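Start counting at 1 in the sequence shown, then tack on 2, and there's your number in this note's numbering.
Idealized CB from N, CA, C, for every residue including glycine.
Computed from a prediction, not measured in an experiment: that's the story for all the values here.
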Amino acid sequence: MIKTPIDLQSCIEHLQANVFVADKDFNLIYMNTHAKKTLEAIEPEIQEVFQLNVDAFQGGSIHRFHRDPKKVEAILKNPLALPHKADFVFGDVILRTVVNAVYDETGVLEAYVVNWENVTESKKLENALNIKLQELNDANQELLKRNWQIEQDEAELKEAHAEQHKTHAYLNIKLAELRQSNQDLENFATIASHDLMAPVRKIINFAGSLLENDTHFSENEKFVLDKIINSGKRMRLLMDDILEYSRLAGHSSTFERVNLNDVLSEVLANLSFEVMEAKGEIHSEPLPIIEANKTQMVQLLQNLISNSLKYRQEKVPPVVNISSTLEDEGFISIVLEDNGIGIKDEYADLVFQPFERLNPQIEGTGMGLAICRKVVVSHGGVIKVKSLPDQAGAVFTIKLQERHSQ
Numbered sequence: 003m004i005k006t007p008i009d010l011q012s013c014i015e016h017l018q019a020n021v022f023v024a025d026k027d028f029n030l031i032y033m034n035t036h037a038k039k040t041l042e043a044i045e046p047e048i049q050e051v052f053q054l055n056v057d058a059f060q061g062g063s064i065h066r067f068h069r070d071p072k073k074v075e076a077i078l079k080n081p082l083a084l085p086h087k088a089d090f091v092f093g094d095v096i097l098r099t100v101v102n103a104v105y106d107e108t109g110v111l112e113a114y115v116v117n118w119e120n121v122t123e124s125k126k127l128e129n130a131l132n133i134k135l136q137e138l139n140d141a142n143q144e145l146l147k148r149n150w151q152i153e154q155d156e157a158e159l160k161e162a163h164a165e166q167h168k169t170h171a172y173l174n175i176k177l178a179e180l181r182q183s184n185q186d187l188e189n190f191a192t193i194a195s196h197d198l199m200a201p202v203r204k205i206i207n208f209a210g211s212l213l214e215n216d217t218h219f220s221e222n223e224k225f226v227l228d229k230i231i232n233s234g235k236r237m238r239l240l241m242d243d244i245l246e247y248s249r250l251a252g253h254s255s256t257f258e259r260v261n262l263n264d265v266l267s268e269v270l271a272n273l274s275f276e277v278m279e280a281k282g283e284i285h286s287e288p289l290p291i292i293e294a295n296k297t298q299m300v301q302l303l304q305n306l307i308s309n310s311l312k313y314r315q316e317k318v319p320p321v322v323n324i325s326s327t328l329e330d331e332g333f334i335s336i337v338l339e340d341n342g343i344g345i346k347d348e349y350a351d352l353v354f355q356p357f358e359r360l361n362p363q364i365e366g367t368g369m370g371l372a373i374c375r376k377v378v379v380s381h382g383g384v385i386k387v388k389s390l391p392d393q394a395g396a397v398f399t400i401k402l403q404e405r406h407s408q
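If you want it as structure tokens, here you go:
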């Protein structure tokens, strides 16, 4: 072994570090106590890799326990490569080595000193840290992407909000214009109705007076006067319906709790003569209490029942059945079913348009169902009609809110 002062060798022997010394031919000539104990702790791994026990290390060539001896020899022969650092893996154990050269006073290589340590746990921690760092980096990248997406969403939201603000302002303008238009329409309808009603009333009265008091008219002249009177009455009825329609368009409804059974009783009292004349039957299940405009509910049911009485089959007494069901989301459905002449599906929407009369032979103004739809719409509902398959009659379905938020 290389001669060293006793105190220096003693220091190396008791050093809490792992130290090997190899001669210039790479034979292991010394290991300190700490190195031997460290190797003994991982002896199973050493035997698995090198088939050597710890005692076989000292005095043997370093080539015996290096996986690539030629590479080690090439590295150790090159002084410029020293100190040489490398990790050695023994199964699950990792040893980190640092090799330095020892020269004599003349610069001749005498030995190699190998300092090494077991870095298995620190390597595990390092690998775990790297994994966590990678996860953190991935999470950071995902966060950056999400932040970018949030910024994009915020920009889109601001743009949509600005557009919504513009749309809201535009709608407010149009709503004001619509209210003014409705008011103008109601004013016009009121004035027109008042201005036209007086001459129409006079025409009816004068024609009726002539027909009753003058006996010299021929049958043809009496027929013409009768036509004038009937046309005047129809004109008066039409103006009343137009005025009512315009009022529905121009005013918001005032809602209260309305018992629809009471509404139906009032309607049947109003239509008692028409029901008796048609020999009709009106049947109804118990109806609910809803928040509505009572006057308009009377008008709605009265127009629908009157429509069923008018459009009945010839020589077949009209029968009207009324029922109701509670729907989801606070709505109720009222169903009115009759056995009349029915309505073809292609006319299911047309019948609710003003002045539409699908059967001109039956008396009417074409405003009854249009008023019904106005009433339903003003209550936030919908009204539909369909014919019964393979049988006569029509089914009107009205969907209304049970309550209205104030």
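- By the Cβ rule, the segment 92 to 102 counts as touching the segment 113 to 133, because three or more pairs are nearer than 8 Å.
- A direct Cα-Cα distance of roughly 46 Å separates L302 from E158.
- Under DSSP, N323 takes part in a beta bridge, and its partners are H285 and E339.
- By the neighbour-count criterion, in which 16 or more other beta carbons inside 10 Å mark a residue as buried, Y105 falls on the exposed side.
- Per DSSP, reduced to three states, the secondary structure at A394 is coil, with no helix or strand assignment.
- In this structure, L352 keeps its C-beta atom at 9 Å or more from the C-beta atom of L306.
- Here the segment 267 to 285 lies against the segment 311 to 320, with 3 or more beta-carbon pairs under 8 Å apart.
- Boundaries of the beta strand (DSSP E) around I96: V95 to Y105.
- Here the segment 107 to 116 lies against the segment 24 to 33, with 3 or more beta-carbon pairs under 8 Å apart.
- Excluding the 5 residues flanking it on each side, N323 has same chain C-beta neighbours closer than 6 Å at H285 and E339, in chain order.
- Residue pairing by DSSP places S389 opposite A396 in a beta bridge.
- Across the structure, S211 and N341 are spaced so that their CA atoms are roughly 41 Å apart.
- Contact annotation: E293 and E329 have beta-carbon atoms that are not nearer than 9 Å.
- Exclusion of the five residues before and after F357 leaves T367, G368, M369 and A372 as the residues of its chain whose Cβ lies within less than 8 Å of its Cβ.
- Under the criterion of beta carbons closer than 8 Å, N34 and I14 qualify as touching, at roughly 6 Å.
- In the three-state reduction of the DSSP assignment, N295 falls in the coil class, being assigned neither a helical nor a strand state.
- Here I334 is buried. Its C-beta has 16 or more other C-beta atoms within 10 Å.
- The criterion of a C-beta distance shorter than 9 Å is not satisfied by L131 and A103.
- Rounded to whole angstroms, the gap between the alpha carbons of F354 and S389 is 15 Å.
- The continuous beta strand (DSSP E) containing A24 extends over residues N20 to D25.
- A Cβ-Cβ contact shorter than 9 Å links V378 with I400.
- Secondary-structure assignment with DSSP links W150 through no beta bridge to anything.
- Assigned with DSSP and collapsed to three states, K401 falls in strand.
- Listed in chain order, the non-local C-beta contacts of R405 below 8 Å within the same chain comprise I292, E293 and G332, local neighbours out to five positions each way being set aside.
- C-alpha of L10 to C-alpha of V100: approximately 20 Å in a straight line.
- Within the same chain, H36 come within 8 Å of Q18 by CB-CB distance, once the 5 residues on both sides are set aside.
- L328 is bridged by DSSP to I334.
- Counting other Cβ atoms within 10 Å of its Cβ, I336 reaches 16 or more and is therefore classed as buried.
- Following the DSSP letters along the chain, one finds I373 inside the alpha helix (DSSP H) bounded by residues G370 to S380.
- By the C-beta density criterion, I152 is exposed, having fewer than 16 other C-beta atoms within 10 angstroms.
- In the DSSP assignment, F92 is bridged to V95.
- The criterion of a C-beta distance shorter than 9 Å is satisfied by N295 and S380.
- Beta-bridge partners of Y114 (DSSP): A24 and A103.
- In the three-state DSSP reduction, N120 falls in the strand class (E or B).
- Per DSSP, reduced to three states, the secondary structure at L273 is coil, with no helix or strand assignment.
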